[in-house]
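Residue numbers (the working numbering), protein chains in the order written: chain A, 110 to 231; chain B, 110 to 231.
Since the structure comes first, as C-alpha cells, the remarks are kept for the end.
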DNA sequence: CCTAGTACTCTAGAATGTCAAGTGCTCTGC
DNA sequence: GCAGAGCACTTGACATTCTAGAGTACTAGG
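Here it is, written out as C-alpha cells:
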C-alpha cells in the first residue's frame with residue numbers, strides 16, 4: 110500500500126487500523142457486551158450495514174473480533190471480542206479519560222441508561 | 110451530519126476525531142518533539158500536504174496543536190502540541206502497548222534510527 | 001543562474017464510505 | 001394464513017474524503 114522507508118512498526122500499523130472509520134466505535138460497543146449485527150449497528154449509531162460488515166470481517170480476520178453464528182435461519186449471529194480485542198480496553202479507556210478532561214466543545218447531557226459509568230464528574 | 114438519538118457524548122466525539130485519517134500519526138510524531146510542516150510530513154510518512162494542512166488547521170482550531178510562525182520569509186513554522194495535545198500521550202501509549210502485545214502479523218525489524226525516541230519500553 | 005529547501009494551495013482523479021433497496025426466512029398478531 | 005417486523009447481510013449508484021503532483025513565492029548555497 111505504502112512503500113515508506115519507514116518500514117514496519119507495529120505501532121504505525123495499529124494506528125492505521127484503529128484509525129479506520131468505525132473501528133473504535135465498534136470495539137467500544139463490543140466491550141460492553143456481545144451484540145448481534147443489527148443490534149451492533151444501532152449501538153454504534155450511524156454506521157451503514159455495508160461498512161459494518163466490511164469492518165467486522167476485517168476485525169475477525171485480524172483476530173480481534175469473534176463471530177459466532179448461533180443459527181442460520183432465522184439468522185442469529187453473535188459478535189464478541191477476542192482476547193486481543195478485550196485488550197483494546199486500555200485504548201478506549203485512555204480515550205475516555207482524555208475525552209472527559211480535554212474534549213473541546215464537550216456537550217454534556219443527561220444519560221441515565223446508556224452509560225451508567227462515568228460522567229460522575231462534578 | 111448524523112441525527113442519532115445517541116445525542117452527544119464527549120467520548121463518541123473524541124473517537125470521531127481520533128479516527129480521522131492521520132490524526133493519531135500526527136500526534137505521535139508531535140509527541141516526540143515539535144516539527145516544521147515538511148518535516149512533519151516526512152515524520153508521519155505518506156500523508157500528502159493538502160491533507161496534512163487540513164488536519165493541522167483542524168487540530169489547531171480544537172486547541173490540540175499550536176502553530177507558531179517563526180518567520181514568514183524564508184518560511185519557518187513550528188507545530189507543537191498544547192496541553193490537551195500532550196494529554197493524548199495516554200492514548201498513544203495505550204496503542205503502543207497494545208500494538209507490541211497483540212498486533213497481528215507484527216513484523217519486527219531492527220529499528221535503531223527512526224524510532225529511537227519513542228516512548229520506548231517504559 | 002541553478003538547485004534545494006521552506007510552507008503551503010490547487011485540480012483532477014482514485015479510494016473510501018454511504019444510502020436505499022433487496023434477499024430468504026421466521027416469528028407475532030389477527 | 002397473511003401482513004408486518006425482525007434477523008444478517010449483499011448489491012449498485014452515489015457522495016465524501018484523500019491522494020498525486022505540480023505550482024507559488026522566496027532565500028541560501030554553489
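We put the beta carbon where it would ideally sit given N, CA and C, even for glycine.
Backbone secondary structure at residue i - three-state DSSP
i, result
"residue 190/B", "strand"
"residue 181/A", "coil"
"residue 174/B", "strand"
"residue 224/B", "Because residue 224/B carries a pLDDT of 41, less than 50, the predicted location of this residue cannot be relied on, and no value is offered for it."
Residue i vs residue j beta-carbon contact at 8 Å
i, j, result
"residue 189/B", "residue 171/B", "no"
"residue 153/A", "residue 138/A", "yes"
"residue 194/B", "residue 120/B", "no"
"residue 161/B", "residue 149/B", "yes"
Integer Cβ distance of residue i from residue j, believed to fall under 8 Å
i, j, result
"residue 145/A", "residue 209/A", "With 8 Å as the limit, residue 145/A and residue 209/A do not qualify as a contact, their Cβ atoms being about 30 Å apart."
"residue 199/B", "residue 131/A", "Not a contact, Cβ separation roughly 22 Å."
Length of the line joining the Cα atoms of residue i and residue j
i, j, result
"residue 125/B", "residue 151/A", "16 Å"
"residue 147/A", "residue 163/A", "14 Å"
"residue 212/B", "residue 192/A", "12 Å"
"residue 240/B", "residue 127/A", "With chain B represented from 110 up to 231, any question about residue 240/B goes unanswered, as that position is not in the structure."
"residue 180/A", "residue 122/B", "35 Å"
"residue 117/B", "residue 182/B", "43 Å"
"residue 185/B", "residue 203/B", "33 Å"
"residue 196/A", "residue 140/A", "10 Å"
"residue 178/A", "residue 142/A", "16 Å"
"residue 159/A", "residue 134/A", "16 Å"
"residue 165/B", "residue 166/A", "32 Å"
"residue 201/B", "residue 173/A", "19 Å"
"residue 229/A", "residue 205/B", "In this prediction, residue 229/A scores a pLDDT of 35, lower than 50, which makes its location untrustworthy; the coordinate-derived value is nonetheless stated afterwards. Distance between the alpha carbons of residue 229/A and residue 205/B: 29 Å."
First through last residue of the alpha helix (DSSP H) which encompasses residue i
i, result
"residue 131/A", "Careful: residue 131/A lies outside any alpha helix (DSSP H) and carries neither H nor E."
"residue 199/A", "198–211"
"residue 157/B", "Where residue 157/B is concerned, there is no enclosing alpha helix (DSSP H), given that its DSSP letter is neither H nor E."
Distance cut-off 7 Å: residue i Cβ against heavy atoms of the ligand FAD
i, result
"residue 197/A", "Within the structure as shown, the ligand FAD is missing, as the structure has no ligands at all."
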